[in-house]
Each structure stands twice: as structure tokens, then as C-alpha cells.
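Enquirer: Protein chains in written order, with our numbering: chain A, 408 to 521; chain B, 10 to 124. I'd like to ask some things about the structure below.
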Amino acid sequence: AQKVTQAQTEISVVEKEDVTLDCVYETRDTTYYLFWYKQPPSGELVFLIRRNSFDEQNEISGRYSWNFQKSTSSFNFTITASQVVDSAVYFCALSEHNFNKFYFGSGTKLNVKP
Amino acid sequence: ETGVTQTPRHLVMGMTNKKSLKCEQHLGHNAMYWYKQSAKKPLELMFVYNFKEQTENNSVPSRFSPECPNSSHLFLHLHTLQPEDSALYLCASSQDLGGVGNEQFFGPGTRLTVL
Numbered sequence: 408a409q410k411v412t413q414a415q416t417e418i419s420v421v422e423k424e425d426v427t428l429d430c431v432y433e434t435r436d437t438t439y440y441l442f443w444y445k446q447p448p449s450g451e452l453v454f455l456i457r458r459n460s461f462d463e464q465n466e467i468s469g470r471y472s473w474n475f476q477k478s479t480s481s482f483n484f485t486i487t488a489s490q491v492v493d494s495a496v497y498f499c500a501l502s503e504h505n506f507n508k509f510y511f512g513s514g515t516k517l518n519v520k521p
Numbered sequence: 010e011t012g013v014t015q016t017p018r019h020l021v022m023g024m025t026n027k028k029s030l031k032c033e034q035h036l037g038h039n040a041m042y043w044y045k046q047s048a049k050k051p052l053e054l055m056f057v058y059n060f061k062e063q064t065e066n067n068s069v070p071s072r073f074s075p076e077c078p079n080s081s082h083l084f085l086h087l088h089t090l091q092p093e094d095s096a097l098y099l100c101a102s103s104q105d106l107g108g109v110g111n112e113q114f115f116g117p118g119t120r121l122t123v124l
């Protein structure tokens, strides 16, 4: 079974639309970390956010916001008023108590059209 | 140079060649990682090094041989590869393996094509 599931393979929106990228994870650990990364066409993964399992507060950073729900094992990412520069592949990842292990989802490709 | 750098950015090699990928991090981190990213597959963690010591080998074939001479440099030596090894190879580093410093910072990757 996949540890991190990103069910949306590809999403296309028009600029200024809001878009939510889903992430569902699976772990038996009580201590874990969740991450989101952005991979633009250049290829380099860019770290966006880390959330630990004891902090369920939602976070907002500019047009980005994250909704962490332990009850549903989800860590969704919303981009408000999307822009063409947001076009990229977005990866959700999980790090369990054994921190050698990073599990990445398969990614969601976001296309923002002008 | 800042962040994590990787060379070469692109590499084409035959199945009988021997080549090496290089990664260097300028962040003062203690842990370094190799990942393989194939088309339409999740990132696959290959190797993990912490303070130059290998802590993880994720069942990687022996035709991939990592080397970590110090905390700032990581190599991936390649020999007798197969066409299915063609992929983007990403290097990453993090301050430590666990705790609050474990977010990973990635290099731009090496696009490898095996003919």
C-alpha cells in the first residue's frame, strides 16, 4: 500500500481560480512529519512546508494554505488566485519516526492557463 | 555557489560505460540523499548518508555505487547500467536525519539517458 496518495494526477485551472491539491497519508507512528514540495519544469524540488504530527493548526503563507486533518489522514494544499507561475508538479511527502524514510506521493501536475 | 549543486545536468551513456554523478551541498548539512525519479513514478529513495556514513540502501542494484567522502560531497558511480535506469537523479541534503531539521533541500538533478 502506498504511504502517500495523491489521487489527482493532473489538474488544469484558469488563472485566478483557487485550486486544492489533495494528499492522503498512511502511518502507524504517532510522531511524523508531512511536507509539500514544488517541482517546476527546471526539475529542482523546492521545499514549501513541513508540518509535524502534533500541530494540526492550519497554515497560511501568502496565496498558499495547508489543511492538516489527522482524523482523515489528509494534508491538503490550496493555492488561492492561482498564477501561471504556479504551474508545476507538487509532491506531498511523509517522514516517519524512523527519519531515514521519506515517502513521496506520485505528484500532482498543476497547469495554470492564462 | 549556494544550495545543492549537481553535475552533470545531463548525461548520455552506453550500457558498458562507467560514469559518476556528483552532488555538493553548501548548506552545512549533515545528511545527504540520492533519489531516482522516473516518469510517472514516485520519487524512489536510493541511499542515505549521515555524517558520511551510509544509513540506508533501499535495495538498490549494485550497478549503482554511492560514495560520500565528506558531509558536503556525494557521488553516485554508475557502471553497466540498463536502459530502464534512465531517469532524473536527484540529490538532497538536510541538516539532520530527524527532529526539526529534517526538511530536505534538493539539487536540480542529473537527467540520465542509458542507450
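Yeah, the Cβ is synthetic: ideal placement off N, Cα and C, and Gly gets one too. On a predicted model such as this, the values are computed, not experimentally measured, just so you know.
Considering only C-alpha positions, which residue in the set V426/A, K410/A, V411/A, Q409/A is nearest to E417/A?
Expert: Looking at the Cα atoms, V426/A is the closest of the given residues.
Enquirer: Comparing alpha-carbon positions, which option in R435/A, Q409/A, C430/A lies nearest W443/A?
Expert: When each option's Cα is compared against that of W443/A, the closest is C430/A.
Enquirer: Give the interface partners of L121/B over in chain A, defined as CB-CB distance under 9 angstroms, in chain order.
Expert: Chain A residues near L121/B: none, gap ~12 angstroms exceeds 9 angstroms.
Enquirer: Under DSSP, the beta strand (DSSP E) around L4/B begins and ends at which residues?
Expert: The requested residue 4/B is not part of the displayed model; chain B covers only 10 to 124.
Enquirer: With the cut-off set at 7 angstroms, would you say L97/B and G118/B are in Cβ contact?
Expert: Yes, the pair counts as a contact, with Cβ atoms nearer than the cut-off.
Enquirer: Less than 6 angstroms between C-beta atoms, sequence neighbours within five positions excluded: which residues of the same chain meet that for S502/A?
Expert: These residues qualify, in order along the chain: Y440, F509.
Enquirer: In its own chain, which residues sit with a C-beta less than 7 angstroms from the C-beta of E422/A, not counting the 5 before and 5 after it?
Expert: Same-chain partners within the cutoff: S489, Q490, V491, V519, K520, P521.
Enquirer: For chain B, find out if any of its Cβ atoms is closer than 7 angstroms to the Cβ of L557/A; answer yes or no.
Expert: This structure leaves residue 557/A out entirely; chain A is present only between 408 and 521.
Enquirer: Where do the N-terminal and C-terminal ends of the beta strand (DSSP E) with S481/A fall, by residue?
Expert: 481-486 is the span of the beta strand (DSSP E), which, as asked, contains S481/A.
Enquirer: Buried or exposed: where does M24/B fall if 16 or more other Cβ atoms within 10 Å of its Cβ makes it buried?
Expert: Answer is exposed; the Cβ neighbour count stays below 16.
Enquirer: For F442/A, write down the residues that DSSP places opposite it in a beta bridge.
Expert: Answer by DSSP bridge pairing, in chain order: R457/A, A500/A.
Enquirer: For the beta strand (DSSP E) holding L20/B, just list the boundary residues, first then last.
Expert: Counting along the chain, the beta strand (DSSP E) containing L20/B begins and ends at 19-22.
Enquirer: So who's on the other strand from C77/B, going by DSSP bridges?
Expert: Paired residues: none, contrary to the question.
Enquirer: Report the rounded CA-to-CA distance for M55/B versus E65/B, giving the unit in angstroms.
Expert: Those two C-alpha atoms are separated by around 8 angstroms.
Enquirer: Only counting the same chain, and skipping five residues up and downstream in sequence, which positions put a Cβ closer than 6 angstroms to that of Q113/B?
Expert: For Q113/B, where only same-chain residues beyond five positions count, the Cβ hits under 6 angstroms are A101, S103.
Enquirer: Under 7 angstroms between beta-carbons, which chain B residues line up against S502/A? List them in chain order, please.
Expert: Chain B residues near S502/A: N111.
Enquirer: Tell me which residue opens and which closes the beta strand (DSSP E) that K516/A is part of.
Expert: Element bounds for K516/A: 515-520.
Enquirer: If you compare alpha carbons, which of N459/A, V496/A, S472/A is closest to S480/A?
Expert: Checking every option, the nearest Cα to that of S480/A belongs to N459/A.
Enquirer: Sorted by chain position, which residues of the same chain lie with C-beta nearer than 6 angstroms to E433/A's C-beta, five sequence neighbours on each side aside?
Expert: Counting only Cβ-Cβ distances below 6 angstroms, and skipping sequence neighbours, we find K410.
Enquirer: Pull out every residue of the segment 422-443 of chain A whose Cβ sits closer than 7 angstroms to any Cβ of chain B, in chain order.
Expert: The residues in question are Y440, F442.
Enquirer: Please check the pair Q91/B and V123/B, which I expect to be a contact at CB under 8 angstroms, by giving their CB distance rounded to whole angstroms.
Expert: 6 angstroms between Cβ atoms; contact.
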